[in-house]
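Residue numbers (my numbering), protein chains in the order written: chain A, 1079 to 1336; chain B, 312 to 568.
Note that beta-carbon positions come from the ideal geometry of N, C-alpha and C, so glycine has one too.
Everything numeric in this text was worked out from a predicted model, so none of it was measured.
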Amino acid sequence: MNTHRVARIAPALGVLAVLVGAWELVTRLAAVPEWLLPSPTVIVVEFVESLPQLAPHTGRTLLEAAIGYAAALLLAFAVAALIDQSGLARRALSPLLVTSQTIPIFALAPLLAIWFGFGITPKILIVALACFFPIAVSLAGGLRNADPDMQALVRSMGGSRRQVFSKVKLPSAIPSLLSGMKIAATYSVIAAVIGEWVGASQGLGLYMLRASSSFQTARVFAVIAVIAVLSVALFLAVDVVGRWIAPWIYVRTEEAQT
Amino acid sequence: MSVGPPVLRLSGVSKAYPANGGQSVQALRNVSLEVGRREFVSLVGPSGCGKSTLLGLIAGLEEPTDGAIEIATEADGTPGQVAYMPQRDLLLPWRSLLDNATLGAEVGGGDRAAARTRARSLLPSFGLEGFADALPHTLSGGMRQRAALLRTVLLERDILLLDEPFGALDALTRAALQEWLLEIWERLEAAVLFVTHDVEEALWLSDRVYVMTRRPGSIQLDLPVGLPRPRTRAVRGTPAFAALKQRLLDALLADTA
Ligand SMILES: Nc1ncnc2c1ncn2[C@@H]1O[C@H](COP(=O)(O)OP(=O)(O)OP(=O)(O)O)[C@@H](O)[C@H]1O
Ligand SMILES: [Mg+2]
């Protein structure tokens, strides 16, 4: 199965290699100035050299992302469960939840800075806001779509509403929850960075802003690369945790692929 | 086989579903039937005549629009008094076979450890030995049905409601499971209400067979089987069996005409 997976991503890796190669070639042949567009090799060198400063900034950004993500997860659970259990809550909150996804959360960053200052709080809040909606929407959807016959089975055994929820609905919602959690994971890092752009004492956003205002373009690219890698890594981490806690989910899709 | 008062009695049970657009769907009309203690009763009828609806009412999942359902064990209509096996096996995909089988004890707040021990001891007679920890998707269709039946048996009720437990299986597996079900039932001392499309299956297993009409379903024939027990496969070749089968088919076909 592992070789199978490598074979599946090989074409994408090939395209990536060609693009990076072309970039390197163009910047060298056309002698593009480094402040305008540094070549990949220059970026790699910059990355290695700035690693001692990059590390603490990365740590700070990850901390904000992690706390915000955890807060979003807890809140999303509470709201989704409420929507599932109470008809009134569903009618009151469901439409808001769906429409709120069209609000550009990141535009709220300056407001949060006005209200909460330049400490860690507004960053955590923006991460939590950005992550809350995809998780809440996917979890609420998963709970709603649980097999009614399975719920009836538990009721036929004399099961209470709470037992139907814990024994059938919640486990049924895990696949949907996981896909929301993956989307949220990719939002979390960039949300923290945008929070830092508005004003911060540490973090990748601040480091990037400083680099760009002094035209250290290679450093900006290095930070972008770190952000991209972190986002992908968090996405994969959720995927791995999902496979571990819910191995039954992947059976059907993998069968379908072969 | 039926001795003493029935453990289950339906009198004049009707069920209508409200349909969008005013006109409601009448699924059942004036159904009356009885199941005696330790009696094996089958319910046959055309598809859509309301057999599953009827079991759902007895299981307490829905309220009849009209009529009364009396269950002798503890006489009210709340769920949890009968052991209900739905038409689909409904094994929870995230639970191992053993955890699925003991779901009833878990929900009912019973002794979980004891239920697991009992489930393990029953695995061999259900042909599931060595699969206690298997997830449902790794089981064959026949094994899934047996697991669902094990879950039903472990509810330890006096009445089992089985909704086409062998409906989706091939003829060979089906024949084997029928024999096996009779064996289990004889040891279990429970009454069974068994839904099927298959008249031979109904006759071979049952003490009595109810034939339903097309929707709205009602009982059109109550046929005592009277074949001696224990039954062997050979019974199916006897003239008595053929005559009973003919009566069932006549009733079913007369209704479609
Ligand atoms: N929840 C429901 N809402 C509306 N109509 C329903 C509902 N459940 C069942 N019905 C209708 O009631 C009728 C009887 O359905 P039921 O599932 O009981 O049939 P059945 O005899 O079990 O059929 P089969 O042998 O195919 O399983 C059908 O016409 C069906 O459309
Ligand atoms: Mg049915």
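Can you list the residues of chain A that V418 of chain B reaches, using a CB-CB cut of under 8 angstroms?
The contacting residues are V1232, M1235, G1236, G1237, Q1241, K1245.
When you compare the CB of S1254 of chain A with every CB in chain B, is at least one pair closer than 9 angstroms?
So, not an interface residue.
Assuming P1212 of chain A contacts A1289 of chain A (C-beta within less than 8 angstroms), just tell me the rounded distance between them.
Actually they are not in contact, since the Cβ atoms of P1212 of chain A and A1289 of chain A sit about 30 angstroms apart, beyond 8 angstroms.
Consider the C-beta atom of V324 of chain B and the heavy atoms of ligand 1; say whether any pair is separated by less than 8 angstroms.
False, no ligand heavy atom lies under 8 angstroms from that Cβ.
In the structure shown, what three-state DSSP assignment does A1324 of chain A receive?
Correct three-state label for A1324 of chain A: coil.
For chain A, find out if any of its Cβ atoms is closer than 9 angstroms to the Cβ of H508 of chain B; answer yes or no.
Chain A contact via Cβ: absent.
Proximal chain A residues relative to L403 of chain B, where beta-carbon distance stays under 8 angstroms:
Residues of chain A passing the Cβ test: M1228, K1245, V1246, P1249.
Around the Cβ of W515 of chain B, are there at least 16 other Cβ atoms within 10 angstroms (buried) or fewer (exposed)?
Under this definition W515 of chain B is a buried residue.
Collapsed DSSP secondary structure at T1177 of chain A in the structure displayed
In this structure, T1177 of chain A counts as helix in the three-state DSSP scheme.
Return the chain-ordered list of same chain residues with a C-beta closer than 7 angstroms to the C-beta of E500 of chain B, the five sequence neighbours on each side being excluded.
So the list reads R349, once near-sequence residues are dropped.
Hey, would you say K362 of chain B sits closer than 9 angstroms to L372 of chain B, going by beta carbons?
Contact: no.
Contact list for the stretch 1313-1329 of chain A against chain B, Cβ threshold 9 angstroms
Look at the stretch 1313-1329 of chain A: the residues with a C-beta under 9 angstroms from a C-beta of chain B are A1324, P1325, W1326, I1327, V1329.
Enclosing alpha helix (DSSP H) for G453 of chain B [first to last residue]
G453 of chain B: member of the alpha helix (DSSP H) spanning 452-464, first to last residue.
Q531 of chain B beta carbon near ligand 2 (any heavy atom closer than 8 angstroms):
No.
Could you check whether the Cβ of Q557 of chain B sits closer than 9 angstroms to any Cβ belonging to chain A?
For Q557 of chain B, the answer is no, since every Cβ of chain A falls outside 9 angstroms of its Cβ.
Contact set between R578 of chain B and chain A, taken where Cβ atoms lie within less than 8 angstroms
Residue 578 of chain B is absent from the model: chain B starts at 312 and stops at 568.
Three or more C-beta pairs closer than 8 angstroms, one from the stretch 1174-1188 of chain A and one from the stretch 1253-1261 of chain A: is that the case here?
Cβ pair count under 8 angstroms is below three, so no.
Thinking just about the alpha-carbon of each residue, which of B:P397, B:A416, B:E381, B:A424 is nearest to the one in K1245 of chain A?
It is B:A416 whose Cα lies nearest to the Cα of K1245 of chain A.
D377 of chain B in three-state terms, based on DSSP:
D377 of chain B: strand per DSSP, three-state reduction.
For the beta strand (DSSP E) that contains P432 of chain B, what are its first and last residues?
At residue 432 of chain B the sequence reads Ser, which differs from the Pro that was named. Taken as a continuous stretch (DSSP letters only), S432 of chain B belongs to no beta strand (DSSP E), being part of the alpha helix (DSSP H) at 423-433.
Roughly how many whole angstroms lie between the Cα atoms of Q1163 of chain A and M1259 of chain A?
Put simply, the backbone Cα of Q1163 of chain A is about 22 angstroms away from that of M1259 of chain A.
Buried or exposed for D377 of chain B, please, with buried defined as at least 16 other CB atoms from any protein chain shown within 10 angstroms of its CB.
Taking every protein chain shown into account, the CB of D377 of chain B has fewer than 16 other CB atoms within 10 angstroms, so this residue is exposed.
Can you name, in chain order, every residue of its own chain whose Cβ lies under 6 angstroms from the Cβ of S313 of chain B, other than the five neighbours on each side?
Residue placement at S313 of chain B is flagged as unreliable, the pLDDT there being 48, under the threshold of 50; a coordinate-derived value is accordingly withheld.
Got a sec: does ligand 2 put a non-hydrogen atom nearer than 8 angstroms to the Cβ of S585 of chain B?
Because chain B in this structure spans residues 312 to 568, residue 585 of chain B falls outside the shown range and cannot be described.
Are G528 of chain B and G356 of chain B touching if we call contact CB-CB under 9 angstroms?
Yes.
Apart from the five residues just before and just after A412 of chain B, which ones in its own chain have a Cβ nearer than 7 angstroms to its Cβ?
Around A412 of chain B: A430, A458, L461, R462, L465.
Assign Y328 of chain B to buried or exposed, taking buried as 16 or more other Cβ atoms, counted over all protein chains shown, within 10 Å of its Cβ.
Its Cβ having fewer than 16 others within 10 Å, Y328 of chain B is exposed.
Quick one: does L275 of chain B have its CB under 9 angstroms from some CB of chain A?
There is simply no residue 275 of chain B to check, as chain B begins at 312 and stops at 568 in what is shown.
Would you check if the distance between the CB atom of A1154 of chain A and the CB atom of A1208 of chain A is smaller than 9 angstroms?
One thing to note: A1154 of chain A has its Cβ no nearer than 9 angstroms to the Cβ of A1208 of chain A.
Does any C-beta atom of chain A lie closer than 9 angstroms to the C-beta of Y395 of chain B?
It does; some Cβ of chain A falls within 9 angstroms.
Taking only the alpha-carbon atoms, compute the straight-line gap between L1097 of chain A and Q456 of chain B and give it to the nearest angstrom.
Cα to Cα, the separation comes out at about 55 angstroms.
Taking 8 angstroms as the line, does the beta carbon of A330 of chain B fall inside it for any heavy atom of ligand 1?
Yes - ligand 1 has a heavy atom lying nearer than 8 angstroms to the Cβ of A330 of chain B.
Cβ neighbour criterion (16 or more within 10 Å) applied to S1117 of chain A
Using a 10 angstroms sphere on the CB of S1117 of chain A, the tally of other CB atoms reaches 16 or more, which defines it as buried.
Kindly examine ligand 2 and report whether one of its heavy atoms sits closer than 8 angstroms to the Cβ of E440 of chain B.
At a threshold of 8 angstroms, E440 of chain B does not count as near ligand 2, since its beta carbon sits no closer than that to any of the ligand's heavy atoms.
Leaving out five residues on either side along the sequence, give the residues of the same chain with a beta carbon under 8 angstroms from the beta carbon of L563 of chain B.
V355, G356, P357, V510, V522, listed in sequence order.
Considering D1162 of chain A, what are the terminal residues of the beta strand (DSSP E) in which it resides?
Premise fails: D1162 of chain A lies in the alpha helix (DSSP H), 1129-1163, not in any beta strand (DSSP E).
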